[in-house]
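So for the sequence shown, the working numbering puts the first residue at 7; every next one is plus one.
Ideal Cβ positions, reconstructed from N, Cα and C, are used throughout, including at glycine.
If you're wondering where the values come from, they're calculated on a predicted model, not measured in any experiment.
See below for the structure under consideration.
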Amino acid sequence: MTLEPYLFFNGRCEEAIAFYQEAIGAEVTSQMRMNEAPDPPPPGAVPPGFENKIMHANLRIGAMNLMVSDGNSEVPPRFTGFTLSLGVADTAQAERSFNALAQGGKVLMPLGKTFWSPCFGMLEDRFGVGWMVIVPSAEMS
């Protein structure tokens, strides 16, 4: 079994992919646009202007897959009820990743030492996706 997050950016997926590539080194392992689908979509399934939008892409971030799409709506996405947790090797990598993801977003909890981690922080990126950046504690590994 696998469990992988699938995020819908409702028209901003290409921007999100570029952002995650720059911010945390995401690698695009597959990508298909709406107009590249082998079968035509049912009438009304793709909004006007979405023909060249991302139907599906897979990003590799470390050992994890993150699936992303533009979906089929221009309604701003709402990423509520979950947070992505990014485990990194050390404080320096935590600072780089956290600061990059926070650009244009909102820091919810600045990076700092906690009882469970030598370096932990929370933020919401420019797309509204919640992130926790954490250096795992040797005692909790």
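Can you tell me the Cα-Cα spacing of residue i and residue j, whole angstroms?
i: residue 54; j: residue 79; result: 10 Å
i: residue 18; j: residue 84; result: 13 Å
i: residue 7; j: residue 31; result: 26 Å
i: residue 21; j: residue 36; result: 16 Å
i: residue 126; j: residue 144; result: 14 Å
i: residue 96; j: residue 117; result: 12 Å
i: residue 122; j: residue 65; result: 28 Å
i: residue 110; j: residue 73; result: 22 Å
i: residue 25; j: residue 13; result: 14 Å
i: residue 94; j: residue 62; result: 27 Å
i: residue 69; j: residue 136; result: 19 Å
i: residue 124; j: residue 82; result: 35 Å
i: residue 23; j: residue 120; result: 31 Å
i: residue 114; j: residue 128; result: 5 Å
i: residue 47; j: residue 142; result: 44 Å
i: residue 108; j: residue 50; result: 36 Å
Assuming residue i contacts residue j under a Cβ cut-off of 8 Å, what Cβ separation, rounded to an integer in Å, is found between them?
i: residue 40; j: residue 52; result: 5 Å
i: residue 101; j: residue 112; result: The Cβ separation is near 17 Å, so there is no contact.
i: residue 76; j: residue 60; result: 5 Å
i: residue 106; j: residue 28; result: 7 Å
i: residue 15; j: residue 133; result: 6 Å
i: residue 91; j: residue 140; result: 6 Å
i: residue 10; j: residue 71; result: 5 Å
i: residue 138; j: residue 86; result: Actually they are not in contact, since the Cβ atoms of residue 138 and residue 86 sit about 15 Å apart, beyond 8 Å.
With which residues is residue i paired in a DSSP beta bridge?
i: residue 91; result: 138
i: residue 12; result: 73
i: residue 33; result: 66
i: residue 118; result: 126
i: residue 60; result: 39
i: residue 113; result: 129
With respect to the beta strand (DSSP E) encompassing residue i, which residues constitute its N-terminal and C-terminal limits?
i: residue 126; result: 125 to 130
In terms of residue numbering, what span does the alpha helix (DSSP H) encompassing residue i cover?
i: residue 143; result: Looking at the DSSP string, residue 143 is not in any alpha helix (DSSP H), and its letter there is neither H nor E.
i: residue 102; result: 97 to 108
Closer than 8 Å, CB to CB, is residue i near chain C or not?
i: residue 55; result: The structure shown has no chain C; it contains just one protein chain.
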